[in-house]
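Novice: Read in order, the letters of the sequence shown correspond to residues 11 to 288 in the working numbering. Let me give you the structure first, and then I'll get to my questions.
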Amino acid sequence: MNIEQILRTPQQLRSKAETDTINTYLTAQLESAIAAADEPNANKWALLSMIFEAQMDYLRVYALFESEEYYAAWCLLERIEIAIKGIFRLYQFVEDEYRIKFIFEYIRKLQSLFPYKVFGSSEYIKEIVRCGICNELVTLRKRCGHVKGQLYMGKMCVHEIEQSHFVGMSIVDVPFNKYSVMGVTSKTDDSYHYPQIEYLMSVIDHPFNEWQTKNYKIFKPHREYQTGRNEKCPCGSSKKYKSCCLTKPGIETDHTDFLLTYPTLKSKLKMNQLKNRK
Ligand SMILES: [Zn+2]
Ligand SMILES: [Zn+2]
Numbered sequence: 011m012n013i014e015q016i017l018r019t020p021q022q023l024r025s026k027a028e029t030d031t032i033n034t035y036l037t038a039q040l041e042s043a044i045a046a047a048d049e050p051n052a053n054k055w056a057l058l059s060m061i062f063e064a065q066m067d068y069l070r071v072y073a074l075f076e077s078e079e080y081y082a083a084w085c086l087l088e089r090i091e092i093a094i095k096g097i098f099r100l101y102q103f104v105e106d107e108y109r110i111k112f113i114f115e116y117i118r119k120l121q122s123l124f125p126y127k128v129f130g131s132s133e134y135i136k137e138i139v140r141c142g143i144c145n146e147l148v149t150l151r152k153r154c155g156h157v158k159g160q161l162y163m164g165k166m167c168v169h170e171i172e173q174s175h176f177v178g179m180s181i182v183d184v185p186f187n188k189y190s191v192m193g194v195t196s197k198t199d200d201s202y203h204y205p206q207i208e209y210l211m212s213v214i215d216h217p218f219n220e221w222q223t224k225n226y227k228i229f230k231p232h233r234e235y236q237t238g239r240n241e242k243c244p245c246g247s248s249k250k251y252k253s254c255c256l257t258k259p260g261i262e263t264d265h266t267d268f269l270l271t272y273p274t275l276k277s278k279l280k281m282n283q284l285k286n287r288k
């Protein structure tokens with residue numbers, strides 16, 4: 011199997027069977043390197059597996075968008091982000107030969123299209139922590155010598171929290187992890203709207219299409235709103251209308267433009283439809 015070639019072309023669509031074959035191959039290579047006590051090769055195969063997983067997960071995000079499972083997609087994006095940070099600690103990409111830098115950049119872009127603004131953040135005090143490689147206790151004074159995030163015979167060193175003490179919960183703008191979006195746990199209780207993602211999906215043909223967004227403020231006419239002077243401003247600032255947008259040319263509203271680097275098939279069709287309507 012030409013694994014290099016496969017990892018260099020993540021944009022190529024692969025069937026479930028093909029993906030399974032590649033995964034089986036990667037696992038077999040890793041296991042035989044471990045069996046031969048060949049640490050450099052074990053670490054190499056572990057890294058290649060992580061790269062392949064990140065690529066496949068990135069494609070899965072778009073599959074979740076298609077089935078409108080936005081919260082699940084959000085959680086997967088978070089998982090890929092953490093995984094890629096781990097990959098970056100292990101390997102410096104000179105070129106973006108496996109498109110990992112691309113994926114990392116687009117994770118950020120996709121996250122910015124979600125309407126989530128507030129998150130719950132749980133705080134814990136770690137009481138007992140063990141090294142995932144040697145199982146030794148990790149304390150401030152004593153360390154086993156394994157470095158968190160490094161590979162040892164194909165296994166990443168993580169610190170396993172054996173006992174922790176829940177301190178409390180706070181609501182934050184920029185959480186340490188982004189899973190706990192306030193007010194949504196799955197597709198069934200999701201009352202958010204995702205117009206930006208829907209729009210993106212209507213103009214791109216493929217997850218590896220390049221695009222960017224331009225955000226700016228527009229003013230919506232006051233007459234579109236029936237807001238009293240002392241009520242909260244419709245712009246969402248939580249200030250009173252009279253001391254916020256009432257004195258401005260209109261209600262300040264976020265607006266996002268999508269810019270495709272290259273025209274896609276879908277975007278061309280859209281353009282034609284618009285032309286024909288005239
Ligand atoms: Zn250790
Ligand atoms: Zn306002």
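All C-beta atoms in this analysis are idealised placements derived from N, C-alpha and C, irrespective of residue type, glycine included.
Identify the residues that DSSP records as bridge partners of Trp-55: which are they?
Specialist: For the purposes of this step, residue 55 is taken as the residue at position 45 of the sequence shown. Partner(s): none; Trp-55 has no beta bridge.
Novice: So, using beta-carbon positions, are Met-130 and Asn-53 closer together than 8 angstroms?
Specialist: Working through the sequence shown from its first residue, we reach residue 130 at position 120. Working through the sequence shown from its first residue, we reach residue 53 at position 43. Before going further, note that residue 130 is Gly rather than Met in the sequence given. No, Cβ-Cβ distance for Gly-130 and Asn-53 is not below 8 angstroms.
Novice: Do Ser-248 and ligand 2 come close, with the Cβ less than 7 angstroms from some heavy atom?
Specialist: Numbered from its first residue, the sequence shown carries residue 248 at position 238. For ligand 2, not one heavy atom lies less than 7 angstroms from the Cβ of Ser-248.
Novice: Got a sec: does ligand 1 put a non-hydrogen atom nearer than 7 angstroms to the Cβ of His-156?
Specialist: What you label residue 156 is simply residue 146 of the sequence shown in a count that begins at 1. Yes; taking the cut-off as 7 angstroms, the Cβ of His-156 has a heavy atom of ligand 1 nearer than that.
Novice: Looking only at its own chain, which residues have a Cβ that is under 8 angstroms from the Cβ of Pro-244, when we skip the five neighbours before and after it?
Specialist: Start at 1 with the first residue of the sequence shown, and residue 244 comes out as number 234. These residues qualify, in order along the chain: Tyr-235, Thr-237, Tyr-251, Cys-255, Ile-261.
Novice: Quick check on this structure: which residue in Glu-91, Pro-205, Gln-283, Arg-70 has the alpha carbon closest to the alpha carbon of Ala-82?
Specialist: Here residue 82 refers to the residue found at position 72 when the sequence shown is read from its first residue. It is Arg-70 whose Cα lies nearest to the Cα of Ala-82.
Novice: For Arg-140, which of helix, strand or coil comes out of DSSP?
Specialist: Here residue 140 is taken as the residue at index 130 of the sequence shown, counted from 1. Note: Arg-140 maps to strand in three-state DSSP.
Novice: Taking buried to mean at least 16 other C-beta atoms within 10 Å of its own C-beta, is Arg-151 buried or exposed?
Specialist: The residue you call residue 151 lines up with position 141 of the sequence shown. Looking at its Cβ environment, which holds fewer than 16 other Cβ atoms inside 10 Å, Arg-151 is exposed.
Novice: Do Glu-234 and ligand 2 come close, with the Cβ less than 7 angstroms from some heavy atom?
Specialist: Here residue 234 refers to the residue found at position 224 of the sequence shown. No; taking the cut-off as 7 angstroms, the Cβ of Glu-234 has no heavy atom of ligand 2 nearer than that.
Novice: Assign Ser-77 to one of three DSSP states: helix, strand, or coil.
Specialist: As a working note, residue 77 is residue 67 in the sequence shown. Coil.
Novice: Under three-state DSSP, which class holds Gln-21?
Specialist: On the sequence shown, position 11 is the one that residue 21 refers to. Note: Gln-21 maps to coil in three-state DSSP.
Novice: Sorted by chain position, which residues of the same chain lie with C-beta nearer than 8 angstroms to Asn-240's C-beta, five sequence neighbours on each side aside?
Specialist: For the purposes of this step, residue 240 is identified with residue 230 of the sequence shown, where counting begins at 1. Excluding positions up to five away in sequence, the list reads Lys-250, Tyr-251, Lys-252.
Novice: So Phe-176 packs on Trp-221, CB below 8 angstroms; how close in whole Å?
Specialist: In the sequence shown, the residue the question calls residue 176 occupies position 166. In the sequence shown, the residue the question calls residue 221 occupies position 211. With a Cβ gap of about 41 angstroms, Phe-176 and Trp-221 do not count as contacting.
Novice: Taking Glu-78 as the reference, which of Met-211, Ile-44, Gly-155, Thr-149 has the closest Cα?
Specialist: Reading the sequence shown from its first residue, position 68 is the one you call residue 78. Closest by alpha carbon: Met-211.
Novice: Measure from the alpha carbon of Ile-171 to the alpha carbon of each residue in Ile-61, Tyr-134, Thr-195, Lys-188, then state which is nearest.
Specialist: Here residue 171 is taken as the residue at index 161 of the sequence shown, counted from 1. If we check each option's Cα against that of Ile-171, Tyr-134 comes out closest.
Novice: Alpha carbons only, please: which of Thr-274, Arg-287, Lys-230 is nearest the one belonging to Thr-263?
Specialist: As a first step, residue 263 must be located in the sequence shown, where it is residue number 253. Selected option, being the one with the closest Cα: Lys-230.
Novice: Below 8 angstroms, how does it come out for the region 86 to 95 and the region 111 to 129: are there three or more Cβ pairs, yes or no?
Specialist: yes
Novice: Hey, is Glu-49 close to ligand 1, as in C-beta under 7 angstroms from one of its heavy atoms?
Specialist: Numbered from its first residue, the sequence shown carries residue 49 at position 39. Glu-49: no, Cβ never under 7 angstroms from ligand 1.
Novice: Can you check whether the C-beta of Ile-16 is within less than 8 angstroms of a C-beta belonging to chain D?
Specialist: In the structure shown, chain D cannot be found, because there is only a single protein chain.
Novice: By the three-class DSSP mapping on this structure, what secondary structure does Glu-14 have?
Specialist: If you number the sequence shown from 1, residue 14 lands on position 4. Here Glu-14 sits in helix by DSSP.
Novice: From which residue to which residue does the alpha helix (DSSP H) around Ile-214 run?
Specialist: Position 204 of the sequence shown, counted from the first residue, corresponds to residue 214. Careful: Ile-214 lies outside any alpha helix (DSSP H) and carries neither H nor E.
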